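Chemist: One structure, pasted below without further comment.
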Ligand code: 2HA
Ligand code: ZN
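Residue numbers (the numbering used here): 366 to 631.
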């Protein structure tokens, strides 16, 4: 039996393809940079629940919170620009085992999942444990936000968020929880997940210092929008600096003045 793609699963794969295309077009996804994992359990359909495994991989720690869940996960070494053309040739549908110790690839093309799967699943397991509705993670390499993480004066969440919110009113409206900062750690490790997790109590997006961003959410398009909006702010800042000026930024009062008209909940 092979995976059957119902309309809901197809719609989710179409959204992955659309967003993967944006990541490439934005210049945030050189070579195989970036990865996406998204819980598709609600779309998988009974016909696909018991498909046999094409391959089976151990999880680096027990993730019983995800037992029996299904995910679309981009493939290791695969290019985001190819995910945009065909998600199932450049990613796979996987099923976490009932004991939470391993997972099976069940999609036909048997693509090996991303090197960041350990960090993705460990974070998604912890969301489930806390009862959070977040069901996806998105990692990408936005040049402008990575550049900000190389600037010593901005290695401080307060300074960084004040600067980014100050560049454009939409930034505070779209990302009122701001961006978190996670110190440099080796890509693809559980250590990076463990450093990231506490920061996600306060933010839906973090910068992995000198590497990229990691964003979470319920809806892939909205999660992409968080990154895109912050990236716009970083660009306004860099553009003014390139012209030889330090941008003035919105005042604290102007930023606070957005809370009431836009019904922002902090
Ligand atoms: O998928 O971006 O951090 C390649 C990476 C690892
Ligand atoms: Zn990366």
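The beta carbon of each residue, even a glycine, is placed where N, CA and C say it ideally should be. Given the structure is predicted, the values throughout are model-derived calculations rather than measurements.
Considering only heavy atoms of ligand 1, list every residue whose Cβ is less than 7 Å from one of them, following chain order.
Modeler: Residues with a Cβ closer than 7 Å to any heavy atom of ligand 1, in chain order: 397, 398, 399, 400, 479, 480, 481, 504, 506, 552, 553, 576 and 577.
Chemist: Where does the unbroken alpha helix (DSSP H) through residue 607 begin, and where does it stop?
Modeler: That run of the alpha helix (DSSP H) goes 585-607.
Chemist: Since residue 546 and residue 522 should fall inside the 8 Å C-beta cutoff, what is the C-beta to C-beta distance between them, to a whole number of angstroms?
Modeler: Contact holds; Cβ gap of about 5 Å.
Chemist: What's the call for residue 625, buried or exposed, on a 16-neighbour Cβ count within 10 Å?
Modeler: With fewer than 16 Cβ atoms within 10 Å of its Cβ, residue 625 is classed as exposed.
Chemist: What does residue 504 pair with, by DSSP beta-bridge criteria?
Modeler: Paired residues: 400 and 579.
Chemist: Quick one: using the 10 Å Cβ neighbour count with 16 as the cut-off for buried, is residue 366 buried or exposed?
Modeler: That one is exposed.
Chemist: Please state whether DSSP places residue 544 in a helix, a strand or coil.
Modeler: Correct three-state label for residue 544: strand.
Chemist: Quick test of your reading: residue 477 and residue 508, contact by CB under 8 Å. State the CB separation rounded to the nearest angstrom.
Modeler: Going by Cβ atoms, the distance from residue 477 to residue 508 rounds to 28 Å, so no, they are not a contact pair.
Chemist: Pull up the distance between the alpha-carbon of residue 438 and that of residue 541, whole angstroms please.
Modeler: Near 28 Å, if we compare the C-alpha coordinates of residue 541 and residue 438.
Chemist: How would you write the range of the beta strand (DSSP E) that residue 439 sits in, first residue to last?
Modeler: Element bounds for residue 439: 435-439.
Chemist: Span of the beta strand (DSSP E) holding residue 379?
Modeler: Note, residue 379: premise wrong, no beta strand (DSSP E); alpha helix (DSSP H) at 372-390.
Chemist: Does the Cβ-Cβ distance between residue 399 and residue 505 come in under 8 Å?
Modeler: Going by C-beta atoms, residue 399 is nearer than 8 Å to residue 505.
Chemist: So what does residue 460 bridge to, in DSSP terms?
Modeler: DSSP lists 435 and 469 as partners of residue 460.
Chemist: Are the beta-carbon atoms of residue 376 and residue 449 separated by less than 8 Å?
Modeler: Contact: no.
Chemist: Look up residue 530 in the DSSP assignment and say whether it is helix, strand or coil.
Modeler: Residue 530: helix per DSSP, three-state reduction.
Chemist: Here's a check: name, in chain order, each residue in its chain whose Cβ is nearer than 6 Å to the Cβ of residue 531, leaving out the five neighbours to either side.
Modeler: Only 614 and 615 meet the Cβ criterion.
Chemist: Do residue 565 and residue 488 have their CB atoms nearer than 8 Å?
Modeler: Yes; because the gap between Cβ atoms is below 8 Å, this pair is in contact.
Chemist: Assign residue 479 to buried or exposed, taking buried as 16 or more other Cβ atoms, counted over all protein chains shown, within 10 Å of its Cβ.
Modeler: It is buried - the Cβ of residue 479 has at least 16 other Cβ atoms within 10 Å.
Chemist: Using DSSP's beta-bridge definition, name the partner residues of residue 478.
Modeler: The partner list for residue 478 (beta bridge, DSSP) reads 440.
Chemist: Let me know the secondary structure DSSP gives residue 620 once reduced to three states.
Modeler: Note: residue 620 maps to helix in three-state DSSP.
Chemist: Assuming residue 330 and residue 428 form a contact by the criterion Cβ under 8 Å, report the distance between their Cβ atoms to the nearest whole angstrom.
Modeler: The chain is shown from 366 up to 631; residue 330 falls before or after that span and cannot be answered.
Chemist: When DSSP builds the beta bridges, which residues end up paired with residue 571?
Modeler: Answer is 545 and 579.
Chemist: Buried or exposed: where does residue 582 fall if 16 or more other Cβ atoms within 10 Å of its Cβ makes it buried?
Modeler: Burial call: buried.
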